[in-house]
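**Student:** Just dropping this structure here.
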Amino acid sequence: MNRISTSLGVAAISLVGLVLSAEDFHPLMKATQTTWPEKRHIGVICDYRFSEAQVLALAKAAGEGALITVADARVLDHASAAAAILANRKTDYVVLMPQDRLFRDGSFAATVAVNRLAKRGVPALGTTPVALKQGAVFSVGEGTEGQILVTDKLIGTVDVILPDRALANQKASLVLHQKGMATIAVHTAK
């Protein structure tokens with residue numbers, strides 16, 4: 034019986050560690066909501082099982098009334114299908130998960146998806162400087178030390194108002210909703 038208690042204790046501490054290591058998306062959401070107050074439909078491409086804690090952190094930062102559509106993509110070959118899911122569901126913008134297994138800031142898979150989405154008019158946002166190099170229109174978060182970094186060049190046909198730099202100083206498989214956070218709809222990309 035003592036071993037069971039110890040095992041459960043270790044598991045609980047591990048889960049708390051996962052939640053604590055999730056990105057703080059509040060600076061990104063504050064910049065986004067200030068710049069685009071009418072845009073409340075957020076897209077995410079990630080391996081949902083791997084990045085669930087990050088998606089929940091984004092949902093809490095986005096707040097109630099926002100919708101997060103997740104394209105659950107677990108292999109590089111699903112980048113185009115995931116981008117199509119988000120574009121077809123008319124997401125306002127895409128947020129890159131900085132610690133995702135495949136579709137993180139700076140990864141080849143994320144670059145492919147960001148470029149496909151930009152060609153369909155959907156801008157991407159990130160939380161690290163490398164996100165700008167792959168096509169994100171702006172980036173702010175722990176990776177930028179709280180500063181808003183804005184791209185010098187837009188790709189595709191993205192037509193957006195960028196944040197003021199002065200602010201720096203196919204089938205739903207799951208829908209989650211909790212009071213005080215955005216609703217999350219997860220779709221499998223294949």
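Using the working numbering, read the sequence shown as starting at 34 and increasing by one per residue. Cβ coordinates follow ideal geometry from the N, Cα and C atoms, glycine included.
1. Short of 8 angstroms in beta carbon distance, which residues of its chain neighbour residue 57, apart from the five on each side in sequence? Order them along the chain.
2. Can you tell me whether DSSP reads residue 98 as helix, strand or coil?
3. Starting from the N-terminal side, write out each stretch of the beta strand (DSSP E) that is 3 residues or longer and does not extend beyond the stretch 134–185.
4. Which whole-angstrom value describes the C-beta separation of residue 124 and residue 155, a residue pair presumed to lie in contact below a C-beta threshold of 8 angstroms?
5. From this set, 185, 182, 102, which residue's C-alpha is nearest residue 121's C-alpha?
6. Residue 170 and residue 138: beta carbons closer than 8 angstroms?
7. Taking all protein chains shown into account, decide if residue 149 is buried (16 or more other Cβ within 10 angstroms of its Cβ) or exposed.
8. Around the Cβ of residue 105, are there at least 16 other Cβ atoms within 10 angstroms (buried) or fewer (exposed)?
**Tutor:** Per the coordinate set shown:
1. Within the sequence shown, residue 57 is the residue found at index 24, counting from 1. So the qualifying residues of the chain are 90, 94, 174, 175.
2. Counting from 1 along the sequence shown, the entry for residue 98 is found at position 65. Residue state, collapsed to three classes: coil.
3. 157–159
4. Taking the first residue of the sequence shown as position 1, residue 124 is located at position 91. Taking the first residue of the sequence shown as position 1, residue 155 is located at position 122. Indeed, because the Cβ distance is near 6 angstroms, the residues count as touching under 8 angstroms.
5. As a first step, residue 121 must be located in the sequence shown, where it is residue number 88. Out of 185, 182, 102, 102 has the C-alpha closest to the C-alpha of residue 121.
6. As a position in the sequence shown, residue 170 is number 137, starting the count at 1. As a position in the sequence shown, residue 138 is number 105, starting the count at 1. Cβ distance not < 8 angstroms, so residue 170 and residue 138 don't count as in contact.
7. What you label residue 149 is simply residue 116 of the sequence shown in a count that begins at 1. Its Cβ being crowded by 16 or more others within 10 Å, residue 149 is buried.
8. Here residue 105 corresponds to residue number 72 of the sequence shown, with the count starting at 1. Answer is buried; the Cβ neighbour count reaches 16.
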